[in-house]
Amino acid sequence: MTDLVSVSVEVNGRLREVTVAPHHTLLDALRDDLGLTGTKECCLVGECGACTVLIGGRSVDSCLMLAAEADGLAITTVEGLATGARLDPLQQAFLDTGAAQCGFCIPGQLVSARALLAETPRPTREQVEEGLAGNLCRCAGYEQIIEAVLRAADPATDGSPAGAPARPSGEPHPFDVANVPDAGLAPQ
Ligand code: FES
Ligand code: FES
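Following this line, the structure appears as structure tokens:
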């Protein structure tokens, strides 16, 4: 029988302990052990970006990293982008531009876009294309996704709905994730 490994990780600001098989990936641990199924499982070979998470502010394919290698690290998944009921401006911009079609690639796109904006707060279109080059969208919704990232990076919009004035700083967005019918259930 394979010896199991204890792993301590900080996930979305919360210390979590998991016991995993040595060959289990970080993606396995997030989805199967911690129930954070916003991070998607797809190609498993680092090609599609569906499994992207943030580690130390950088985007990482969690399917390519062993869970044991994450011991002691701080990880942000798509579930950690919103602040309480307040959506990340990127999430709001993706909603406003209709960037999600089937939605499967969107968690990875959001996380990669968050890493891009952390490093390049006002990216050009070319920089957005390059920053999201590792995230494939089978629905080919690239135009809306790029538009959303540029919109979230634009201080004039602040991720507000199209045509609406930017929100005063500190004012919560009226959209409350707690009111989403399935908010209490783990997304699939
Ligand atoms: S599932 Fe990890 S890159 Fe595709
Ligand atoms: S929205 Fe369907 S794969 Fe991107």
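Heads up: the sequence shown begins at 389 in my numbering, then just goes up one per residue. Cβ atoms here follow ideal geometry from the backbone N, Cα and C, with glycine treated the same way.
On the DSSP bridge assignment, give the partners of residue i in chain order.
| i | result |
| --- | --- |
| Ala462 | Glu398 |
| Arg474 | Thr471 |
| Glu435 | Answer is none; Glu435 lacks a bridge partner. |
| Thr413 | Leu454 |
| Leu403 | Glu398 |
For the alpha helix (DSSP H) containing residue i, name the first residue and the last one.
| i | result |
| --- | --- |
| Val499 | 494–507 |
| Thr485 | 477–485 |
| Leu392 | No alpha helix (DSSP H) contains Leu392, which DSSP labels as neither H nor E. |
| Val516 | 513–519 |
| Val537 | 530–540 |
Contact defined as beta carbons within less than 8 Å: I believe residue i pairs with residue j. What is the distance between those atoms, to the nearest angstrom?
| i | j | result |
| --- | --- | --- |
| Ala501 | Gly519 | 7 Å |
| Leu452 | Gly434 | 5 Å |
| Gly437 | Asp449 | 7 Å |
| Leu442 | Ala503 | 6 Å |
| Gln532 | Gly486 | 6 Å |
| Ala417 | Thr390 | That belief does not hold up - the Cβ atoms of Ala417 and Thr390 are roughly 15 Å apart, past 8 Å. |
| Thr407 | Leu392 | 5 Å |
| Ala456 | Val395 | 6 Å |
| Arg513 | Leu538 | 7 Å |
| Leu422 | Arg404 | 6 Å |
What residue does the beta strand (DSSP E) around residue i start on, and which one ends it?
| i | result |
| --- | --- |
| Arg446 | 446–449 |
| Leu442 | 440–443 |
Can we say the region 428–443 touches the region 492–507, given the rule of at least three CB pairs closer than 8 Å? Contact annotation: the region 428–443 touches the region 492–507, with at least three C-beta pairs closer than 8 Å.
Inspect the CB distances between the region 390–405 and the region 454–473 and report whether three or more fall short of 8 Å. yes
Is it true that the region 455–464 meets the region 473–487, where meeting means three or more beta-carbon pairs spaced less than 8 Å apart? no
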